[in-house]
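Q: Pasting a structure here, questions to come.
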Amino acid sequence: MSDKRETGTLVVGLGRFGSALANTLDKLGREVLAVEKDIDLAQQWSHRLAVVEADATNPDAVRQLGAKDFPVAVVGVGTSIEASVLVTANLVDLKVPQIWAKAISAEHGRILRRIGAHHVVYPEYDAGARVAHMVSGRMLDYIEMEDGFAVVKMRPPRETHGMTLGEAGIGSKYGVMVLGVKSPGEPFAYADSSTRIGPKDLLIVSGDSAMLEKFAHRS
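Numbering-wise (full-length UniProt numbering), the sequence shown opens with residue 1 and increments by one.
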């Protein structure tokens, strides 16, 4: 790992968030070094990931891990705000270029930003907001970007069944854009005006979140 730190990711904390993130990065072929102070969690993941049992709230421990050599560090500690802040501060002191930190509240997030975290994520809030959109209509997946822009996977409204995108005039009528269509048994295809919409198709649609909600609730 020592010769690959310049392209790797340091993940502190192997709770549900940290372990899912570290495991996914590993599957994507990224070099990952996980740090976990709980001996049971460290041993649980040691056969899948490179794991060091250490207390990252201790600045000397973080320094000895070579944290400063990583371009990206993720602080997955969330249950203890004090521990989260101390770990983040240690990484800031070592001038890690990109620090991502998990927050469990808006106040927690503000503290993390003030001490130098570059990115703050709210997994529980984001998951709740995402599911809220999904359970309220035809949306099967929902990803919100910035300024109210979102991309969703959804079933097509009944009024568009059997029509091409050009005939349906979705862009002009509803103010959203169909990026692609997935028909049963067929590969995903980028959409154009000649793409025909079937009742069992899946649409990938982008646009303002409020407009997407209105489109998804069409009969």
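The beta carbon of each residue, even a glycine, is placed where N, CA and C say it ideally should be.
Everything numeric in this text was worked out from a predicted model, so none of it was measured.
Beta-carbon separation of residue 65 and residue 54 under 9 Å?
A: A contact, by the Cβ cut-off of 9 Å.
Q: Between residue 62 and residue 99, is the Cβ-Cβ spacing less than 9 Å?
A: For residue 62 and residue 99, no; Cβs fall outside 9 Å.
Q: Identify the continuous alpha helix (DSSP H) that holds residue 9 and give its terminal residues.
A: No alpha helix (DSSP H) contains residue 9, which is instead part of the beta strand (DSSP E) from 9 to 12.
Q: Please report the straight-line C-alpha distance between residue 39 and residue 106, rounded to a whole angstrom.
A: Rounded to whole angstroms, residue 39 to residue 106 spans 30 Å at the Cα level.
Q: Quick check on this structure: which residue in 178, 194, 68 and 198 has the alpha carbon closest to the alpha carbon of residue 185?
A: The shortest Cα separation from residue 185 among 178, 194, 68 and 198 belongs to 198.
Q: In this structure, how does DSSP classify residue 49 when only helix, strand and coil are distinguished?
A: The answer is coil: DSSP assigns residue 49 none of H, G, I, E or B.
Q: Which residue comes first and which comes last in the alpha helix (DSSP H) that contains residue 213?
A: Looking at the DSSP string, the run of the alpha helix (DSSP H) that includes residue 213 is 209 to 216.
Q: Kindly indicate the opening and closing residues of the beta strand (DSSP E) around residue 140.
A: Note, residue 140: beta strand (DSSP E), 139 to 144.
Q: Considering only the alpha carbon of each residue, which of 101, 28 and 45 lies closest to residue 34?
A: That would be 45, whose Cα lies nearest to the Cα of residue 34.
Q: Here's the rule I'm using: 16 or more other beta-carbon atoms within 10 Å means buried, otherwise exposed. How should residue 145 be labelled?
A: Label assigned to residue 145: exposed.
Q: Can you name the start and end residues of the alpha helix (DSSP H) that residue 27 belongs to?
A: That run of the alpha helix (DSSP H) goes 16 to 27.
Q: Using a 10 Å radius around the Cβ and a threshold of 16 neighbouring Cβ atoms, would you call residue 191 buried or exposed?
A: When all chains shown are included, residue 191 counts as buried.
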